[in-house]
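Number of protein chains: 2
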Amino acid sequence: MVPINQWIKIKAPATVANMVCGFDILGFAVNNPYDEMEMRLVSRTTDAAGNFNQASITIINIDNYNLPTDPEKNVAGAALLAMIEECTLVDFSKIGFEVKINKLIKPGSGVGSSAASSAGAVVGANYLLGNPFTKDDLVRFAMNGEKVASGVKHADNIAPCIHGGVTLVRSIFPLEIIALPSPTLFVTIVHPQIEVRTADARSILKQNVQLKDAIKQWGNIAGLVAGLMKGDYDLIGRSLEDVIIEPIRSILIPGFDDLKKACKAAGALGGGISGSGPSIFFLSKEKETALAVEQEMIKLYKGIGLAHHTYVTTINQTGVEIEC
Amino acid sequence: MVPINQWIKIKAPATVANMVCGFDILGFAVNNPYDEMEMRLVSRTTDAAGNFNQASITIINIDNYNLPTDPEKNVAGAALLAMIEECTLVDFSKIGFEVKINKLIKPGSGVGSSAASSAGAVVGANYLLGNPFTKDDLVRFAMNGEKVASGVKHADNIAPCIHGGVTLVRSIFPLEIIALPSPTLFVTIVHPQIEVRTADARSILKQNVQLKDAIKQWGNIAGLVAGLMKGDYDLIGRSLEDVIIEPIRSILIPGFDDLKKACKAAGALGGGISGSGPSIFFLSKEKETALAVEQEMIKLYKGIGLAHHTYVTTINQTGVEIEC
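Printed below as a string of structure tokens:
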């Protein structure tokens, strides 16, 4: 266990869920952007009337997003509460967590902002406690943060945020996460500054899909997994096609079709909507291509006068990192 | 090129298509049963009236299935005709193929009997001609045999029969086949002696599937590909689940549900309908398990008084083989 009052620093990476054909199952972590957090254990004492000097979880926002600090309403808090409930190692009437959160991943951007806070908090807490929990436990706790954020306990962003790399959520009940090896891939992300509500992005999906489309999709999913594991860039590129979700959701994102054409023409292997949007990502084999893709993104959104932010980064292979 | 009149021997393996969750995309070849064929090049000459002494393709059946010998109606013949049409290397007014076919894979059993004849013929012909064609070409030619057999130019059985091992048909148009590495797997097959017409098995499928089922299916497909490539038997086992096709098609196969329960209880990793049936296959990590699974199959079909044939074999890693 880390001594009481000693701060640790945490880097929690942004993540891309719904990796094109891999809706609800495939995601990956990126090296930029990431959230910065600090955490420490604190002593809890009671006064003569039995009142605690300190809550079991204290959230301190050091950014300007004004997110809730009530642990039950804060994604990091909800994740920690789930951990506390299962942790028999420590008497949480005597010890609590203090968490400072500096969100560098803008909430609502579609690159796993809430997942970074939840995952960062439970990985940090686990480290402070001497790592009693497995990564699968941590994913499970952090999913409670996603429930606070979006109403659904999904692992699409949590899994890659904690494991790093590309992850497959093979099954939610029971939870099963498979880390997939991947070759070096450069990632270009654009975040057009519009709001796409996850609930809207989900409600426009059709409940039924044509069997022939499902077959195309699973051919691509199998191809993508094989391409990643073989390090076959061309196969990855050919497999990055989504015939089911993207044609519907892309209508919520201005300029999507033109952007996709331009990014592919610039040499990107492929890409699509990150999570439920509005961010869009493209993968490239070379850094130069990823930078050229960024220029296409900037050109397009400047052209239609939409504020935006871009990142050129790589797949993060470590997941949440702790610095002491 | 192999000299005129010199016979070569061909072994064309049986294949399992629709590998549980991998409907229409994943299949594999097995070492038993297999078709035996012999092929040679023959000289074609014309008499004074211009009549050929010999057809460009002569099919000789040396089994008792009484399959058509007219090349256009025979699956091997149709595959060879497609090859001849593209082959500019040889003057087929001067040279022809003679093909002897001994079918050891019973037609209609659901383990790629027609694919073995088509694939065997084109791999043999390619060898006789000095291997001018790629495996992808050969798959394309052999698919014409499947059209004769079932009305559809599918590659589900042809791909593993020619490539060996486990194959992914990522896309049909354009044709793209990916060979997937796999660990040693024992295969137990039972062929209950009933007829399931491919057309019937296809017509009962629903044209639409629920998105939530499709997501489960593609989680399993991704898991199966990852499990095969990692050599992770447990992951393979957990991923061998089909929530879309099997619940519908299994009603055509007497005893399917009980058989599945018994085979899994005997230790099989998983399995399901081979192709469109009626054969059923199960995969096991150990030979002893595969033999125990066979006993369960025999017990069940003896119990319901249905004639059947069983095989215990392994995944064939070579595809069609030539012996000189």
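Quick note, the sequences are listed as chains F and Z, same order. The numbering of the first sequence is the numbering used here, which starts it at 1084 and goes up by one. The numbering of the second sequence is the numbering used here, which starts it at 1084 and goes up by one. Just so you know, even glycine gets a beta-carbon here, dropped at the ideal spot from N, CA and C.
| field | Given Z:Asp1283 as reference, the closest of Z:Ala1351, Z:Ile1331 and Z:Ala1132 once Cα atoms are compared | value | Comparing Cα positions, the closest option is Z:Ile1331.
| query | Rounded to a whole number of angstroms, what is the C-alpha to C-alpha distance between F:Val1103 and F:Val1235? | reply | Just so you know, the alpha carbons of F:Val1103 and F:Val1235 end up roughly 20 Å apart.
| Under the three-state reduction of DSSP, which class applies to Z:Tyr1316: helix, strand or coil? | Correct three-state label for Z:Tyr1316: helix.
| said: DSSP has Z:His1391 in a bridge; who is on the other side? | reply: The partner list for Z:His1391 (beta bridge, DSSP) reads Z:Pro1275.
| So is Z:Thr1396 buried or exposed if we call it buried at 16+ other beta carbons inside 10 Å? | Buried: at least 16 other Cβ atoms inside 10 Å.
| query | Is there at least one Cβ from chain Z nearer than 9 Å to F:Phe1106's Cβ? | reply | Under the Cβ distance rule, F:Phe1106 counts among the residues neighbouring chain Z, one pair being separated by less than 9 Å.
| message | Measuring CB atoms only, is the region 1125-1139 of chain Z touching the region 1259-1266 of chain Z, in the sense that at least three cross pairs come out at less than 8 Å? | response | Verdict: no, contact absent.
| request: Identify the contact partners of F:Leu1323 in chain Z, using a Cβ-Cβ distance below 9 Å as the criterion. | output: None at all; the shortest Cβ gap to chain Z is about 12 Å.
| field | alpha helix (DSSP H) segment containing F:Met1380, residue limits | value | Judged by DSSP secondary structure, F:Met1380 falls within the alpha helix (DSSP H) whose first and last residues are Lys1370 to Gly1386.
| query | Can you list, in chain order, the residues of its chain whose CB lies under 8 Å from that of F:Leu1288, leaving out five sequence neighbours each side? | reply | So the qualifying residues of the chain are Ile1328, Ile1331 and Arg1332.
| In its own chain, which residues sit with a C-beta less than 8 Å from the C-beta of Z:Pro1215, not counting the 5 before and 5 after it? | So the list reads Cys1170, Leu1172 and Asn1209, once near-sequence residues are dropped.
| field | F:Lys1177 - DSSP class collapsed to helix/strand/coil | value | In the structure shown, F:Lys1177 sits in coil (DSSP, three-state: anything other than H, G, I, E or B).
| Residue of Z:Asp1219, Z:Ala1095 and Z:Asn1149 minimising C-alpha distance to Z:Phe1256 | It is Z:Asp1219 whose Cα lies nearest to the Cα of Z:Phe1256.
| On the three-pair Cβ rule with 8 Å, is the region 1217-1231 of chain Z touching the region 1198-1208 of chain Z? | Between the region 1217-1231 of chain Z and the region 1198-1208 of chain Z, the count of C-beta pairs closer than 8 Å reaches three or more; the two stretches touch.
| query | Nearest CA to the CA of F:Gly1320: which residue from F:Ile1167, F:Lys1299 and F:Leu1352? | reply | Nearest of F:Ile1167, F:Lys1299 and F:Leu1352 to F:Gly1320, Cα basis: F:Leu1352.
| At which residues does the alpha helix (DSSP H) containing F:Phe1364 begin and terminate? | Counting along the chain, F:Phe1364 falls outside any alpha helix (DSSP H), though it belongs to the beta strand (DSSP E) covering Ile1363 to Ser1367.
| To which residues of the same chain is F:Gly1193 closer than 8 Å at the C-beta, ignoring the five residues directly before and after it? | Only residues of its own chain outside the window of five on either side were considered, and among them His1274, Val1279, Ile1356, Ser1357, Gly1358, Ser1359, Gly1360, Pro1361 and Ser1362 have a CB closer than 8 Å to the CB of F:Gly1193, listed in chain order.
| task | Could you please give the first and the last residue of the uninterrupted beta strand (DSSP E) stretch that includes F:Arg1123? | result | Where F:Arg1123 is concerned, the enclosing beta strand (DSSP E) stretches over Leu1109 to Ser1126.
| message | On the CB-based measure, 16 or more other CB atoms within 10 Å of its CB, does F:Gly1314 come out buried or exposed? | response | Counting Cβ neighbours within 10 Å, F:Gly1314 comes out exposed, since fewer than 16 surround it.
| task | Check whether the Cβ atoms of F:Gly1247 and F:Asn1399 lie closer than 9 Å to each other. | result | Cβ atoms of F:Gly1247 and F:Asn1399: closer than 9 Å.
| Separation of F:Lys1299 from Z:Thr1271, as counted between CA atoms | For Z:Thr1271 and F:Lys1299, the distance between alpha carbons rounds to 29 Å.
| Can Z:Gly1354 and Z:Ala1375 be called in contact, C-beta distance under 9 Å? | In this structure, Z:Ala1375 does not lie closer than 9 Å to Z:Gly1354 by Cβ.
| Between the C-alpha atoms of F:Leu1318 and Z:Ser1254, what's the straight-line distance to the nearest angstrom? | Approximately 11 Å between the Cα atoms of the pair.
| task | Round the Cβ separation of F:Ile1405 and F:Ile1184 to the nearest angstrom and send it over; I've been treating them as touching at under 8 Å. | result | About 15 Å separates the Cβ atoms of F:Ile1405 and F:Ile1184, ruling out a contact at the 8 Å cut-off.
| task | In the DSSP assignment, find the beta strand (DSSP E) that holds Z:Arg1253 and state where it starts and stops. | result | That run of the beta strand (DSSP E) goes Val1249 to Ser1254.
| Between which two residues does the alpha helix (DSSP H) containing Z:Phe1227 stretch? | Reading the sequence as shown, one finds Asn at residue 1227 of chain Z and not Phe. In the DSSP annotation of this structure, the continuous segment of the alpha helix (DSSP H) that includes Z:Asn1227 starts and ends at Lys1218 to Ser1233.
| message | Run through the DSSP bridge pairs and tell me what Z:Pro1096 is partnered with. | response | According to DSSP, which records beta bridges pairwise, Z:Pro1096 is partnered with Z:Tyr1117.
| query | Which residue comes first and which comes last in the alpha helix (DSSP H) that contains Z:Ala1262? | reply | According to the DSSP assignment, Z:Ala1262 belongs to no alpha helix (DSSP H) but to the beta strand (DSSP E) extending over Glu1259 to Leu1263.
| query | Does Z:Asn1149 have its Cβ less than 9 Å from a Cβ in chain F? | reply | It does not: the Cβ of Z:Asn1149 has no partner Cβ on chain F nearer than 9 Å.
| Identify the residues that DSSP records as bridge partners of Z:Lys1183: which are they? | Checking the DSSP bridge columns, you'll see Z:Lys1183 partnered with Z:Glu1121 and Z:Ile1143.
| Hey, is F:Gly1306's beta-carbon within less than 9 Å of any beta-carbon in chain Z? | Cβ-Cβ to chain Z under 9 Å: yes for F:Gly1306.
| query | Where does Z:Gly1133 land, buried or exposed, given buried means 16+ other C-beta within 10 angstroms? | reply | Under this definition Z:Gly1133 is an exposed residue.
| field | Backbone secondary structure at Z:Gly1338 - three-state DSSP | value | The answer is coil: DSSP assigns Z:Gly1338 none of H, G, I, E or B.
| message | Looking only at its chain, what residues have a beta carbon closer than 6 Å to the beta carbon of F:Val1224, apart from the 5 residues adjacent to it on each side? | response | Note that residue 1224 of chain F is Phe in the sequence shown here, rather than Val. Beyond the five residues adjoining it in sequence on each side, F:Phe1224 comes within less than 6 Å, by CB distance, of Ala1162, Ala1165, Met1166 and Val1205 in the same chain, given in chain order.
| query | Quick one: is Z:Cys1346 buried, meaning 16 or more other Cβ sit within 10 Å of its Cβ, or exposed? | reply | That one is buried.
| task | Check each residue of the region 1288-1307 of chain Z: if its Cβ is closer than 9 Å to any Cβ of chain F, include it; give the result in chain order. | result | Going along the region 1288-1307 of chain Z in chain order, one finds Leu1288, Lys1289, Gln1290, Asn1291, Val1292, Gln1293, Leu1294, Lys1295, Asp1296, Ala1297, Ile1298, Lys1299, Gln1300, Trp1301, Gly1302, Asn1303, Ile1304, Ala1305, Gly1306 and Leu1307 with a Cβ nearer than 9 Å to chain F.
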